[in-house]
Structure formats: C-alpha cells, structure tokens
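Asker:
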Amino acid sequence: MSQTNAMSATDAEAAIVLDKVNKWYGAMHVLRDVSLTVGKGERVVVCGPSGSGKSTTIRCINRLEEHQQGRIIVDGTELTGDTRALDTIRREVGMVFQSFNLFPHLTILQNLTLAPIQVRKMPKAEAEDLAMSYLRRVKIPEQANKYPLQLSGGQQQRVAIARALCMKPKIMLFDEPTSALDPEMIKEVLDVMVGLAETGMTMVCVTHEMGFARQVANRVVFMDRGEVVESGSPTEMFEHAQTDRLKTFLSQILRGH
Amino acid sequence: MSTTSEVALATAPLPARERPPAGVVGPVAWGRHNLFGSIGSSVVTIVLGVLIFYFFWRFLSWGLIHAVWSVPVAANPLETAIPCRQVQGVGACWAVIGDKWRFILFGRYPYDMQWRPGLCVLLFIGLYVISAMRRFWRKELLYIWIATLVVIAVLMWGGVLGMEYVAQDQWGGLPITLILSTFGLAFAFPLAVLVALGRRSTQLPAVKFLCVGYVELIRGVPLISLLFMASVMFPLFMPEGLNPDKLLRAQVAIILFAGAYLAEVIRGGLQALPKGQYEAADALGLSYGQKTAKIILPQALRLVIPPLVNTFMGFFQDTSLVLIIGILDLLTAGKTAMADPTWTGFSTEIYIVLAVIYFVFCYAMSSYSRGLERQFRRAHNR
Amino acid sequence: MSGTAADPRLLPTRQAPRRRLQLSWSDPRFRNIVWQLLVLAIVLGILWYLVSTTRHNLAARNIATGFGFLDSTSGIPIGETLIPYTSGASTYARALLEGILNTLKVAVVGVILATILGTLIGVGRLSPNWLLARLTAIYVEVLRDIPVLLQLLFWYVLLQGLPAPRQSLRLGSAVFLSNRGIKVPLLNWETAHSLALLAFAVAIVLSVLWARHAHRRQDTTGEAPPVLPVVLGLLIGLPVIVWAVFGAPLTFDMPALHGFNFTGGGTITPEYGALLIGLVIYTSAYIAEIVRSGIQAVPTGQWEAAQALGLHRGRTLRLVVLPQALRVIIPPMTSQYLNLTKNSSLAVAIGYQDIVSIAGTILNQTGQAIEGIAIIMAVYLTISLSISLFMNWYNAHIALVGR
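Residue numbers (this note's numbering), protein chains in the order written: chain A, 1 to 257; chain B, 1 to 382; chain C, 1 to 403.
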C-alpha cells in the first residue's frame, strides 16, 4: 500500500498542514499517517468511498475531532489541546455541514449575526449589514426574516454558507455540502461555491460532485480506508488514475452519471 | 465497498506497527479518559468512590455479616425475636422474612391451599412472558389471555374440581397486586381503544366531547380519590341489596383509571400513524369498522407497545394505593406483618424485601420496553 | 401564487352550494346525528339511573345532601396549620382551607426542590465521568421501579426512627433531629427584614433594567458590559445594606429542650418531612430523565455548528442548545409537577393532613360522601386544568416556525 506524499507547497506559506496524522476510534485505526498540505488560495477536493476517513480528516482541521498522533497546523498555528489556539483557528476556519445545522429557533438574519456579535464583538447594526451583504451574495436576501424550517434544503445550505462567511474566514471547509439535497437544488449550492472559489478563498471540500471538482479544484485527493492513496490535478486523477483502488472508485461513481 | 479481501483484512491480526498506542486504548486509557479526564472529574471520582465503598461496607456489614438469618422456635412466641433484638441496629434480622414470607406473599389465604395463589402468580408471570415474545403477537394471544385469566379466577375462588371455595376477602398479597393490575389492564384495554377512537372522531362531536371529558377528569384527579369514590360512593349507586365486594369496587376504580391513561397512549399511536394509511384504506372501499380493525389498530397498537408497557408498570406500582382503602395487597400485607408485636422494629427488613419484589417486576418491564424501543428504532432507520 | 390583481379564488362572486340534510340513512350527516343522539341517550340514561338510586339510598340512610355542612363547626384537630384554626370553633370550610394550604405547602416546595435535584442528576447522567453517569443512572432506575407509596412509608419509618427529643441528634448548635420532627431556629421577623425583602424586590427590577441596558450597549457598540457580577451585587448587596442601615437585627427563636420536648423555634414535622423528602426524591428521578433526554434531543450538529463558528461552550449552551432543549423539556416537566401534586394526596397514609386527608375525615364525620369526594376532585381538577392551560399557551408560544 503505497502512500503518495501530498505536500506540494512549503509549510511556512501553507494554509493547512497535516503531517502524519493518525486517529483511532477505540481499536479502529481510522486515519493512517495522513499527510496533506493546502496552500493559500488553493482549492482541494477530497474524495473516496464511505468510511475512507475523508470527513474525519477535515473535521480534525477545526478540531471537531481530535487526532492522537501527528501534527496539524492551520494558518501558522498548531492544533493542540490549547483552547486559545483553538479559538484563533476556529475564527479563521469556516465550516459547512452536510445537514446544514442552522439554528431553528433563530431567524436567518439572527443565524448569520450570532457569531459576529458574540465572537468578533461586532455592533448589531454592522453585523446585520454584513449579513445582508452575504445573503445577497448567495441570492436570497428576501428570506432574512424567515425561519430555517420555512426554507427549502438548497436555500438552507446557501444560508449555511453565508453564515460561515460572515465570520470572514481565511479557510472554508465543506463536508459533503450537497449530499443531503434534492437533485434540483444541488446546482444552486454548487454555483455559490464556484463563485466563492473565484474570489480566491482557500477551500477544502469533501464531495462526490466530480463536475465541480473538474471546474474548480486545483488538486483532488483520493482517500481510502484511512489513508491518502493518490493525489494530483483533476485531469491527472480522473483521466490517468494510477492505482487500482482509484480506478474502481471512479468507475463506481461515474457509472451513475 | 466491502469485498472478501477487506473482510479478510479486518479479521487478520493487526501488525504491531498498527496497534493503537497504549495511551489510546486499554483499561488504563479508559480509566484516564472516563474517570480522571479532568481535575473536576478526578475529584468527583474520588469522592464518589469513597462514598460508595463506605456505604457498601456498611450495608454488607449490616445485611450480611452481622445479620441473623433464622431464630430457634421459642416457647413464648413473644420471645421469638430475642436473638434479633440483640443485634438490632448492627445486624439485619432476616428471620422476620423467614417467619412472615407466606403472609406477605399470600395474605390470609388458607395455609394448606396456598399452592393455588402460588400457581396463579406463576401463571401471571408466564402470561407476561408469552405476551412479550414477538412470535406470539397474533390473534391467538387474545384467547391465551382469556383462558389464563379464567383459569386464575377458578384457582383463586375454587369451589369446583375438588378445590375448596375461598372467598375474596381472604385473598391477599402478591396475587392481589397481580390481579388488580392485570385484570385492570385486560378490561381497560377495550374501553381505552373505544375512547381513543372516539376522541379522534371528527364526525361525532358529542362522542368526542364525552371522551375528552372522561379522560381529562380521570387524569386530573389522583388515583386515591377514585379509590375513595369506589369505597364510599359506589355502594350509594347500587340498588338495595346489591352490595358489591370491596375488591370488585377497587377493581372497577382501577379499570376506569387505567382506561383513561391507556386511551391517551393509544391515541398517540393513532396520531403517529401516517395519514396515507387511513386514505389507502378508504380508497379501497373499507368501512369504518373494517378499516379500524384490520388496518389502523394493528399498526397503531404495535407502535405504542413500549409506552404501553411503561404504563402497565405504573399500574402495577399504583395498585399499592389500595393500602389506603384496606385491601390486602403486597404492600399492605407487608405493613400488616410489620405490626405483629413479636417483630416490631424490624420494618426496614420487610420494606427492603417488598422493594426488591417490586423492583424485580418493574425492572424486567422497563428493560423489556427499552429493548423493544431500540429494536423499533433500528428497524425504522434502516 | 400571488398576483397583482385580486386572486379570483378569493372573490365572493360565487359561493359553494349548500346541501340539504336528507332524512335518510344514506346521508352521512343524518347518520352521525342519530349515532350521537343514541350515545347521549344511553349516557344520560345511565346517569339518571345512578342519580335516582343514589337519592333513594341517601334518603334511606338519613344522610343530608348539599354543602350546608361547610358552615358547621369542625371537630377535626389539625396538626399543622398555616392560618389560625381551632378545632371545635372553626368551621369545616376553614378546615378544608387548611387542607388546601397544606397541600400547596408540599406541592410548591416539592416542585422547586425536585426541579433543582432532578436537573443536577439529569446533567450528571450526561457527564463524561463514567462513575457519575452510572450512579445517576442507577439512582433513576431504582427510584422509578419502586412504588411511591412504599418510598414514602420508608422515609416516614426512617424519620420516626430518630431518637426521642431528649437524645436528639444535633446538626451544628441549633438544629435538632428527633422523632418529633426537625427543629430549626426561626428568624424573629422585624421591620428591617421586611424592608430588606422590599429591597430585594427593587434589586430584581434594577437587575432586569441593567441587563436590558447591557444588551442595548452590546447591540450598538459590540462590547458588552458585565451583567452577572452586577446582578449578583444588586441582589445580595442592596438587601444587606438596607438591613444594616435599619439596625441589623438578627435574633433567632431558638429551639430549647424543656422537659420531654422542645419549645420555640420552627418545626418540620416527621409527616411533612417524610412526604417532602419522599416526593422530591421520587419526582427528581423522572425530572432527571426529562432533562437528560431534552439535552440529548438537540442534535450534535447544533453544537458542532456553534463551535465551528467559534462560540465557547457557555455561549453555545445559552444561545443555541438550551432554547431548543427547553422546548422539549418543559411539557413533560409540567406533567411531572402535576404528578407530584397528585402524589401528595398519599399524605393520608403517613398522617399528614392535606386536602384529601381532611376531606376524608369530614366525609366520615358527616356521611356526605359525594360532596366530600366532589371537593377533593374539584381541587385537583382546578390545579391540573390550570397547568394544562399554561402548557397549551406555552407550546403555542414557543413552537418552532416551520412550513
């Protein structure tokens, strides 16, 4: 089982560095010597079969999961148990979840302004202006005073993206953002993500949407059974797959298209 | 993407390099994480640990080491308990149980015929066990219930098949608790189904009003007031000469009480059933009776078996309230046993035994309903 | 489907035709009316029968009817009274009032204590400390599997097993535990204390105003002035200052042993003590389960999203998790409050004179069973209907707005 070294930029300039990260759930070794470097402004798509550890990997980046061995350095700060370092990192890293996780008891506007007011100590009026500008960017400003459960899935996910953007993060993590959506709503969310990529945001995206990967990603990383198997540009990966495992995976997901 | 090679990989022993570091897995790591994960956690562990050892040691010392298990027969009955009194406060007197267990379990039932209520208790337990097993969830279960309850009634009363007749004022103890709760459930169930259906009726507002009134009235008052009603008011409702026995009156009160609570549980099931089921049945042309009996009720009842079991557990405990109107159930029998002048002062031992008996029954029921809920949820999420 | 012109569906130019009720079995409306009349007739028939039999029986036994007895003098000695009452001089109505007050005394104090204890245990169930989680789980399981009456009797036996007043146990220098009850020192109430209480009320108002001011400041500038320290300072400091200014009186009516019993001080009778402790501990097990499942009902995704946004645990709890958890917790919680109130009726088994016990005694003395039980039911129905009304209002008020 060869491991491809996925480092492609110098550590000092990199936005995210994962160095031989290992994680166990009990006795199960779910991340095995995962190494990955993401440069500033780079867009990385992580793909792989279910159970390959791709979600676990990006959840380790903002410490929603804890790694037991190896180093993770985000925006120059190393991730340890230190809460101050964690606060700094979480302010600069935004995350979009598969199940949106909007706060159902708050309006859309309140969802967006909560963190800027509480964490960045912004005055309310300024936070609301910021929120409205992002709502306009994701093209649903008229929903500002509605509640999450009144919106469709695609609208909710766009709000979730806007909510993460309101913290003005340097890095955006996406954990299968379109997997829970009905097919006709996937495009509207992907359009927003493409627009975001065009502004130069550093993005790490776990997704099965290969069309998106082709359009936007600088690099695609393929993980299987807890380790990075192959990585390269989208063209290299999709047209010139090297390992059998990647070939099998591609044939399975592309069969459906 | 699981293939046979993956399965082989998963079952092969991990190479040494891949085994998780000792700080992650193993009893030491578990202890560190779960017991001493933080300073606060460590303090809690130590404090609780000390308290647990202390109380455990005290209980062991009182309940086992210094306890008196049996006393020799004394010439003067009032002196029987002397060996116990010598260790009172230091050791438990389990001899009181040895002396009184038959009274606690069977009340004043004639001594040599106590095999009959004993058999009834076993029949009740058997009935519960069979009803709990899924393979018996068919219509035949209804016949099994009817048959078993009839057999139990015959055994308790006697008068036929060579068994001597024993009037119900001599019954007592555990059989009364089981009878009141089980017959209560059995008769309340059809009533509850009707009330639940009536309460959901949109076409018959008068019926709905009556059902809502019944349920809210019963659920708003304590069971004790219903038992009082049974004990002092029911005789006033009866024409001259008709004097129903106290046990029967209490049973009727419990049936009325159980009916209201069961009705709410069943109504929950009816509401949880998707509307599509009702509509499909209508589309097929089924009448109200056919639709309800064949499509709606079987599904709705299945949905609410866990809360039904929990509600029955509540009734089982609530039968102890008949202490207050003077019916000799398990708790009352225990309390009466405590009042025996020979054994005064040893009520703690008797309370512990009563608590254990109730706990055994109720814990079985609550574990069963929890296990069932887990099964239902897993099947649902598939 | 909104249009700029009026929606033709809403115009009143045409209306639905009305159908005439046909007096035939094939018309479902006619059938429904017939069924309902039938059911009503049966129910009224049964009621009529019961009423007439009862009247006959009452007459035969020479029992009075009506609530006239409420004005007659009661011969019931009542051990614990909140308002002045003398057996042999006060009326039955007053005795009943004592009973209601005694019930409320248990219910209100019990609900508060049970909520506190239950919440602590419920949170303990979710603790990452394995020992605490397991112990609280055992606590909850054991208490829910043993009948409440058995638990009350057990606590009563325990409190009655305390030594006689002459050998009573002492807690500190002023609290005595004996089989006559728990004796505590009672504060001699002076004007300064009433004024301090008033100051406390004023402090509450001021705290609310300060919290609002702080919130507004946060909205405009982003910086939040401290709320908790100021509120605590007000709630504690203001009453203390007022009390000190008015002479700082602090004398107690101490219980003292005279002969075979205590005089002075306040008493917690074994009956009230056993009832309160038993009900609080029993109900706390149920409340613990409710709190636990309420907190667990909030999906982990909510925690994660808040943490990913950088919110700390405390803020996450206050702003995101607790509002959602409370929605799930409050309905069953109020149902438990109602259960505690109903369970307090078991007081009759341990000799505490609540409304059931007193109404039961009156019932025995006057023979008017129906009136007595009607009073008991009316009291509890009032309490439970008020709680239901509150529940319905609360549920409608905080419902999550959905499609």
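All C-beta atoms in this analysis are idealised placements derived from N, C-alpha and C, irrespective of residue type, glycine included.
Under 7 Å between beta-carbons, which chain B residues line up against C/Thr-267? List them in chain order, please.
Answerer: Neighbours of C/Thr-267 on chain B: none; closest Cβ ~24 Å, over 7 Å.
Asker: For the segment 307-322 of chain B, which residues have a CB atom closer than 9 Å to at least one CB atom of chain C, in sequence order?
Answerer: Per Cβ criterion, the list reads Met-313, Phe-316, Gln-317, Asp-318, Thr-319, Ser-320, Leu-321.
Asker: Return the bridge partner residues of A/Thr-77 from the DSSP annotation.
Answerer: A/Val-74.
Asker: In this structure, does DSSP put C/Phe-176 in helix, strand or coil?
Answerer: It is a strand residue.
Asker: Interface residues of chain B around C/Leu-276 at Cβ under 8 Å?
Answerer: Under the 8 Å cutoff, chain B gives no residues; its nearest Cβ is about 17 Å from C/Leu-276.
Asker: In the DSSP assignment, find the unbroken alpha helix (DSSP H) run with B/Trp-57 in it and report its ends.
Answerer: That run of the alpha helix (DSSP H) goes 39-60.
Asker: Within 10 Å of its beta-carbon, does B/Ile-179 have 16 or more other beta-carbons around it, so buried, or fewer, so exposed?
Answerer: Answer is buried; the Cβ neighbour count reaches 16.
Asker: Work out the CA separation of A/Val-45 and A/Ala-213 for me, nearest whole Å.
Answerer: Each residue's alpha carbon lies about 6 Å from the other.
Asker: Going by beta carbon distance, what residues of the same chain come within less than 7 Å of C/Gly-351, once the five residues before and after it are set aside?
Answerer: Within the same chain, C/Gly-351 has close Cβ partners Glu-271.
Asker: Spatial neighbours of C/Arg-61 within its chain, please: C-beta separation below 8 Å, excluding the five flanking residues on both sides.
Answerer: The residues are Gly-367.
Asker: To which residues of the same chain is C/Thr-251 closer than 6 Å at the C-beta, ignoring the five residues directly before and after it?
Answerer: Asn-188.
Asker: For C/Thr-316, would you say it is in contact with chain B, using Cβ-to-Cβ distances shorter than 9 Å as the test?
Answerer: Chain B contact via Cβ: absent.
Asker: Quick one: list the residues of chain B neighbouring C/Leu-135, beta-carbon separation under 8 Å, in chain order.
Answerer: Going along chain B in sequence order, the residues near C/Leu-135 (Cβ under 8 Å) are Leu-48, Ile-52.
Asker: On the three-state DSSP scale, how would you describe C/Leu-405?
Answerer: As shown, chain C starts at 1 and ends at 403. That puts residue 405 of chain C outside it, with no answer to give.
Asker: In chain order, what residues of the same chain have a beta carbon less than 7 Å from the beta carbon of C/Glu-371, not counting five sequence neighbours either side?
Answerer: Around C/Glu-371: Phe-67.
Asker: For the segment 20-45 of chain C, list every residue whose C-beta sits within 7 Å of some C-beta in chain B, in sequence order.
Answerer: The segment 20-45 of chain C vs chain B, Cβ under 7 Å: Asn-32, Trp-35, Gln-36, Val-39, Leu-40, Val-43.
Asker: At which residues does the alpha helix (DSSP H) containing C/Phe-154 begin and terminate?
Answerer: Residues 148-160.
Asker: Checking contacts by CB at 9 Å: is C/Gln-296 closer than that to chain A?
Answerer: No, no contact with chain A.
Asker: So, using beta-carbon positions, are B/Phe-312 and B/Leu-123 closer together than 9 Å?
Answerer: Cβ atoms of B/Phe-312 and B/Leu-123: not closer than 9 Å.
Asker: Are the C-beta of C/Phe-69 and some C-beta of chain B separated by less than 9 Å?
Answerer: For C/Phe-69, the answer is no, since every Cβ of chain B falls outside 9 Å of its Cβ.
Asker: Report yes or no: do the segment 156-163 of chain B and the segment 81-98 of chain B share at least 3 C-beta pairs separated by less than 8 Å?
Answerer: Judged by Cβ distances under 8 Å, the segment 156-163 of chain B makes no contact with the segment 81-98 of chain B, as fewer than three pairs qualify.
Asker: From the DSSP output, in three-state form, read off A/Leu-171 for me.
Answerer: Before going on, a small fix: residue 171 of chain A reads as Ile here, not Leu. Residue state, collapsed to three classes: strand.
Asker: Pairs of beta-carbons, one from the segment 281-297 of chain C and one from the segment 252-260 of chain C, closer than 8 Å: are there three or more?
Answerer: The segment 281-297 of chain C is not in contact with the segment 252-260 of chain C.
Asker: If I'm right that C/Gln-353 touches C/Asn-102 with Cβ under 8 Å, what's the distance once you round it to whole angstroms?
Answerer: Sure, about 6 Å apart at Cβ, within 8 Å.
Asker: Answer yes or no: do C/Thr-300 and C/Ala-107 have a C-beta to C-beta separation smaller than 9 Å?
Answerer: No, Cβ-Cβ distance for C/Thr-300 and C/Ala-107 is not below 9 Å.
Asker: Does any residue of chain A have a CB that is nearer than 9 Å to the CB of C/Pro-323?
Answerer: It does: the Cβ of C/Pro-323 has a partner Cβ on chain A nearer than 9 Å.
Asker: In this structure, does DSSP put B/Ser-201 in helix, strand or coil?
Answerer: Residue state, collapsed to three classes: coil.
Asker: Of the residues A/Pro-169, A/Gly-70, A/Glu-184, A/Val-194, which one's Cα is nearest the Cα of A/Gln-155?
Answerer: Minimum Cα distance to A/Gln-155 is reached at A/Glu-184.
Asker: Indicate the three-state DSSP secondary structure (helix, strand or coil) for B/His-66 in the structure shown.
Answerer: Coil at B/His-66, not helix or strand.
Asker: Could you spell out where the beta strand (DSSP E) holding A/Val-45 opens and where it closes?
Answerer: Element bounds for A/Val-45: 43-47.
Asker: Anything in the segment 25-46 of chain B with a Cβ closer than 7 Å to a Cβ of chain C? List those residues in chain order, please.
Answerer: Those residues of the segment 25-46 of chain B that come within reach of chain C (Cβ to Cβ, closer than 7 Å) are Asn-34, Leu-35, Gly-37, Ser-41, Val-44, Thr-45.
Asker: Is it true that the segment 188-199 of chain B meets the segment 256-275 of chain B, where meeting means three or more beta-carbon pairs spaced less than 8 Å apart?
Answerer: The segment 188-199 of chain B, when compared against the segment 256-275 of chain B, does touch it at the 8 Å Cβ threshold.
Asker: Hey, how far is the Cα of B/Asn-34 from the Cα of C/Arg-134?
Answerer: When rounded, the distance between both Cα atoms is 11 Å.
Asker: Verify the CB distance criterion: does B/Thr-11 have a CB-CB separation below 9 Å to chain C?
Answerer: Note that B/Thr-11 scores 45 on pLDDT, short of 50, meaning its location in the model is unreliable; the coordinates nonetheless yield the value given after this. Closer than 9 Å: no.
Asker: Take B/Phe-237 as the anchor and find which of C/Arg-55, C/Trp-25, C/Val-291, C/Gln-22 has the nearest alpha-carbon.
Answerer: The option with the nearest alpha carbon to B/Phe-237 is C/Arg-55.
Asker: Where C/Ala-349 and C/Ala-256 are concerned, what is the direct C-alpha to C-alpha distance, given to the nearest angstrom?
Answerer: Cα-Cα distance, rounded: 31 Å.
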